[in-house]
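Listed in order, the protein sequences are those of chains P and H. All residue numbers for the first sequence refer to this note's numbering, where the first residue is -17 and numbers rise by one. All residue numbers for the second sequence refer to this note's numbering, where the first residue is 18 and numbers rise by one. A virtual CB, placed ideally from N, CA and C, is assigned to each residue, including glycine. Fair warning: this is a prediction, and the values are worked out from it, not measured in the lab. Remarks on the structure that follows.
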Amino acid sequence: MADLLIELVSEEIPARMQAGASRDLARLVEVALTTLGVWTKSSNVTGMCASRHLLAYANDISVFQPDRIIEKRGPRADAPDTAVNGFLNSAGIDRSALIEEDTPKGRFFFARSEIKGREVVPLLVPAITELLNHFPWPKSQRWGRGKFRWVRPLHRINLLFDGKPMSGKLDLGGGADIQFGATSCGHYFEAPDDIDLSGITSLDDVKMRFRNAFVMIDPEERHITALSGAQALADSKLCKVNEAHHGSYLTDIEGLIEWPTPLMGQIEKRFMALPPELLQSTIVTHQKYITLSEADGSFSRYFIVLSNRLPDAARDEVIIAGNQRVLRARLADAEFFWQLDQARSLESYLSSLLEVTFYKGLGTLHDKALRMEALAIEIAPYVASVDPKTAARAARLAKADLVTGLVGEFPELQGIIGGYYAVASGEEQIVSDAITTHYCPQGPADDLPATATAMVVSLADKIDTLVGFFGIGAKPTGSKDPFALRRAALGVIRIIVDGQVTLPLATVLQTAAKGYGFAVVEADLLPFIRDRLRGYLRDQQMRHDVVAAALADVDGDDVCLMAARAAALAMFLGASDGDGLMACWRRVSSILSAEEKKAKTVIAASFDPALFNETEQVLFARLSAMADNQASIDIQLGELGALRSPIDVFFEKIVVNDDDPEIRLNRLGLLATVREKMLAVADFSKIEG
Amino acid sequence: MLAAQSDEIRTDFQSIILNLQYYWSLQGAVILQPYDMEVGAGTFHPATTLRALGPDDVWRAAYVQPSRRPSDGRYGENPNRLQHYYQFQVIFKPSPADSQALYLGSLKAIGLDPESHDIRFVEDDWESPTLGAWGLGWEVWCDGMEVSQFTYFQQVGGIECDPVPLELTYGLERLAMYIQGVENVYDLDWDGVPTSQGGKTYGDIFKRAEVEFSGWNFEQADTKILFGHFRDAEAECSRLLSLDVPLALPAYDQCMKASHLFNMLDARGVISVTERAAFIGRVRTLAKGCCEAWIGITETRTNG
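Take a look at the structure:
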């Protein structure tokens, strides 16, 4: 057993690609080693990335490929000697080693030879070269005279097996190549000397050698160091790191840095009057700093810069001053627009929306605002405690901030800025709140709109977008979804399901289509939304067959009901009654389909109660007493479950295939009725197992 | 005394330019002068756009280029925004193996010693829709401030670059403001001579131009004339490209003209969002034609 290290030194890898690259390299190394046959049960591979380094370390790799037995079929056992000798020659064996065996085609000669597994070392270089030539970077480039593509210029390739460097080279094209080696480089400024990787014994050893050259190669270590350092500085001001606010930005920040040294800066007091979201956006998104909260939860004046240098009092002062200076300029710009924008009312921006195209063929943003207003009036009555007039007002103003100077500079604050400007323009708080969060939810994990009115505006916005783009044939195809329509549909579903909104979706879609002047709703839209619902339910860990059974009704447009039905069915099938119900279904449906196959006709759900005997009467009585399909799904499922015992008794005591054809058909008709009742609740034929 | 020869690095605006020129001349660059036309960015200079493609196998050049961004004018009132500013442009083809080290050396040459700062390379892919060009690279941050664009060109005029050039763009005003510790661009020391002795600031030289050109760009420019000029430049460019022996360089002048006229029309607010893409497409068609003519790709033409 041996370990393998591959380490690549390049110019700075974009932070957002580093985690993916680590995973890809580890996966590809595993694939390559598996293909070579040297990946063992105890093998393990880890990928890591820092801004200029990408590596994978694999443990417990077999040094030899496994032995293989190769069997070659020769001529028939009764073939003439010339043929047999020819085979012996080609296989390179003696007659004594020949084996005779029976096959379905007769008795044949076979030559069997055992091939000793080769040492893997010479095979690794071509395998790794192949891997590098096909590495799946999201975006890659050429450089110099080369043809080879990498995320940024690649400078070194270090390949070590069992701590020993392997020689080889990667042809870059254009007459250039990279010779494999065992020397990496440390921090650009703090450790200009090479790092010798030869003789490494473990991943920890690799990490230590990099650490000695001021590179934290392990992203987890960078994260912990950065965060604990930041928190220690924050403690000195009785503040807390706003960890939750940073999300993936923190990874992006840490991806820029090989050796994080947290430094504390201050926001100028006058800028603290700006909305915290604006401060957060400027500081985190644009400047990549870490923000803090005061003890009372408010946005702190202090922020943390992660410097990529070792601590040095004089230099740190320069770095902090420089960063504060940039932040000041950015915030001054934001402040300028914040004040300028509010010289006008939010409503006055509506007229500017006339000049902004929503999308070619879908009118202006002004048109969209008016369509949303109309839709909000229609949707409002279905959402508890929403005043249609208020919702309409919010919908009308929801897009107005898109033409303000501040949103022009900070597009990620759309909605939020509109909410602030609404209050400043004297709109009701409820209108402001609805504008603020009407873009939510932006993804499966994002929050729902914060208020009921915001939900109405959000639904109006998303439904308008869906109907519009489907109407002009711009629906998503494959992996392409340039208008984020899948996200919009998921948003509609989440608001309806999580917000318990019983919306007549087909009708609302029709109104939306009318708003565009379309005669009808594009036929694929409702199936598209139902398809997203399927995905949504599966993401809730619901079994795919249960989802399929619950959503079998192809005309259904009540998303809430469909989701409730799926949840109830999943719950019911998971409980003890579920098995009984499925047993009923299988007995009933299998006998019916067997008969239908024989008769080549569908057995109608009709019968004559006069022909029933006592046992059939019991089942019939239970069926007649069942609630209609207006009842809740739980009640319906409960009643179906209760059919189990009369059905068991039915099959126990009765032979369906009675000699009298009339009685036989009557019994099948009764069972067909049971099947019909069950199918009205869910398509049980879709349930597996 | 020449800036480049003094022991202490001078940080007035003109010395920064002189030092960059001197540094890059030592690296083997041809030091050129600004192109004598209005362009939106230093990349437009034929020494970058066209030479990135051919005919030289090796091309190294550096120059200052005034950049005109009519929409960025603020009547001289914004401390950071100008409708006319300077870029220092470096193009090295093929990109050197030690591109980053060469670049960091240039920062040291103008008084920003990387040893005393926190320098980062932050992902920033570059694209010029009007030139049909793109590349990968970074914006370079010094203590949180963007001081340069660093790009490995991949395509220009829709044509693959082979070899690949390295392009560096320094925003000189911003860089100088940081080095001089000045908060307002108009306060920049231009010449290192004390005001009492007749020394000039950036404002002394350019403030009036910013005020007047903002007025022209936003209010006065006659849009009818501008539209006419745009059409003329486009027609002339196309005509020069369709000659039996196309005149690539004069055609490219007309392309640059068209691009600037489009920027002017944009500043006057007479190009709608939908038209915008079409105008950019028209300029791109010209740029691609010029690039193709420059490297000798000519379409087969039927003889009349």
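{"Check": "Nonlocal neighbours in the same chain, by C-beta distance under 6 Å from H/Val228, ignoring five residues either side", "Outcome": "Tyr92, Gly93"}
{"Check": "Minimum Cβ-Cβ distance from P/Gln262 to chain H less than 8 Å", "Outcome": "no"}
{"Check": "Per-residue DSSP class, three states only, for H/Ala58", "Outcome": "coil"}
{"Check": "Under the three-state DSSP convention, the category P/Asn41 falls into", "Outcome": "strand"}
{"Check": "Neighbour flag for H/Tyr219 against chain P, beta carbons, 8 Å", "Outcome": "no"}
{"Check": "Cross-chain neighbours of H/Ala114 in chain P, by beta carbon under 9 Å", "Outcome": "Trp125, Gly126, Pro135, His137, Ala158"}
{"Check": "Listed by chain order, chain H residues near P/Arg297 by CB distance under 9 Å", "Outcome": "Glu132, Ser133, His134, Asp135"}
{"Check": "Beta-bridge pairing of H/Gln166 - partner residues as DSSP gives them", "Outcome": "H/Glu156, H/Thr186"}
{"Check": "Minimum Cβ-Cβ distance from P/Leu238 to chain H less than 8 Å", "Outcome": "yes"}
{"Check": "Classification of P/Pro(-4) by the beta-carbon crowding that lies within 10 angstroms, buried from 16 upward", "Outcome": "buried"}
{"Check": "The region 328 to 347 of chain P / the region 467 to 476 of chain P touching (three or more Cβ pairs under 8 Å)", "Outcome": "no"}
{"Check": "Contact set between the region 55 to 77 of chain P and chain H, restricted to residues whose Cβ is under 8 Å from the partner", "Outcome": "none"}
{"Check": "Reduced DSSP secondary structure (H/G/I, E/B, other) of H/Thr317", "Outcome": "Summary for H/Thr317: the model assigns pLDDT 42, below 50, so the residue's position carries little reliability, and this model does not support an answer."}
{"Check": "Nearest residue (CA-CA) to P/Leu619, options P/Asp415, P/Glu410, P/Gly453, P/Asp559", "Outcome": "P/Asp559"}
{"Check": "Under 7 Å by beta carbon: chain H residues contacting P/Ile301", "Outcome": "His134, Asp135, Asp160"}
{"Check": "Outcome for H/Thr317 when other beta-carbon atoms lying within 10 angstroms are tallied against a minimum of 16", "Outcome": "Only weak support is given to the placement of H/Thr317: the predicted model assigns it a pLDDT of 42, under 50, and the value that follows is read from those uncertain coordinates. Exposed, since its Cβ has fewer than 16 Cβ neighbours within 10 Å."}
{"Check": "Proximal chain B residues relative to P/Ala(-3), where beta-carbon distance stays under 9 Å", "Outcome": "Reference to chain B is not applicable here, since the protein chains of this structure are P and H."}
{"Check": "Which residues DSSP lists as bridging P/Leu141, in chain order", "Outcome": "P/Ile(-12)"}
{"Check": "Min CB distance H/Ser231 to chain P below 8 Å", "Outcome": "no"}
{"Check": "8 Å Cβ cutoff, H/Val202 in contact with chain P", "Outcome": "no"}
{"Check": "When P/Val45, P/Cys221, P/Ser33, P/Gly74 are compared against P/Lys54, the one with the closest alpha-carbon", "Outcome": "P/Gly74"}
{"Check": "Chain-order list of residues whose beta-carbon lies under 8 Å from that of P/Trp119 (same chain, five-residue window excluded)", "Outcome": "Met(-1), Ala3, Arg131, Trp132, Val133"}
{"Check": "Buried or exposed (CB count within 10 angstroms, at least 16 for buried), H/Val202", "Outcome": "buried"}
{"Check": "Partner residues on chain P for H/Ser165, Cβ-Cβ distance less than 9 Å", "Outcome": "Near H/Ser165 there are no residues of chain P at all, since even the closest Cβ is about 14 Å away, more than 9 Å."}
{"Check": "Boundaries of the alpha helix (DSSP H) in which H/Cys178 is found, first to last residue", "Outcome": "Note, H/Cys178: premise wrong, no alpha helix (DSSP H); not H, not E."}
{"Check": "Paired residues, beta bridge with P/Met675 - DSSP", "Outcome": "A query on residue 675 of chain P cannot be resolved here, the shown segment of chain P reaching from -17 to 671 and no further."}
{"Check": "Cα-Cα separation between H/Ile33 and H/Pro87, rounded to whole angstroms", "Outcome": "25 Å"}
{"Check": "Through-space distance from P/Ser606 to P/Val570, alpha-carbon basis", "Outcome": "18 Å"}
{"Check": "Residues near P/Ile669 by beta carbon distance below 6 Å, same chain, minus five either side", "Outcome": "Asp527, Ala531"}
{"Check": "C-alpha distance - H/His62 paired with H/Val56, whole-angstrom precision", "Outcome": "8 Å"}
{"Check": "Whether H/Tyr169 touches H/Leu153 by CB criterion (8 Å)", "Outcome": "yes"}
{"Check": "Within chain P, partners of H/Gln117 - CB distance below 7 Å", "Outcome": "Glu(-7)"}
{"Check": "Proximal residues of chain H, C-beta to C-beta of P/Glu317 below 8 Å", "Outcome": "Correct list: empty, because the minimum Cβ distance to chain H is about 12 Å."}
{"Check": "Cβ-based burial, P/Thr433 [other Cβ within 10 Å; buried from 16]", "Outcome": "buried"}
{"Check": "Contact between the region 237 to 250 of chain H and the region 282 to 293 of chain H (3+ Cβ pairs under 8 Å)", "Outcome": "yes"}
{"Check": "Coil, strand or helix - P/Ser4 by DSSP", "Outcome": "helix"}
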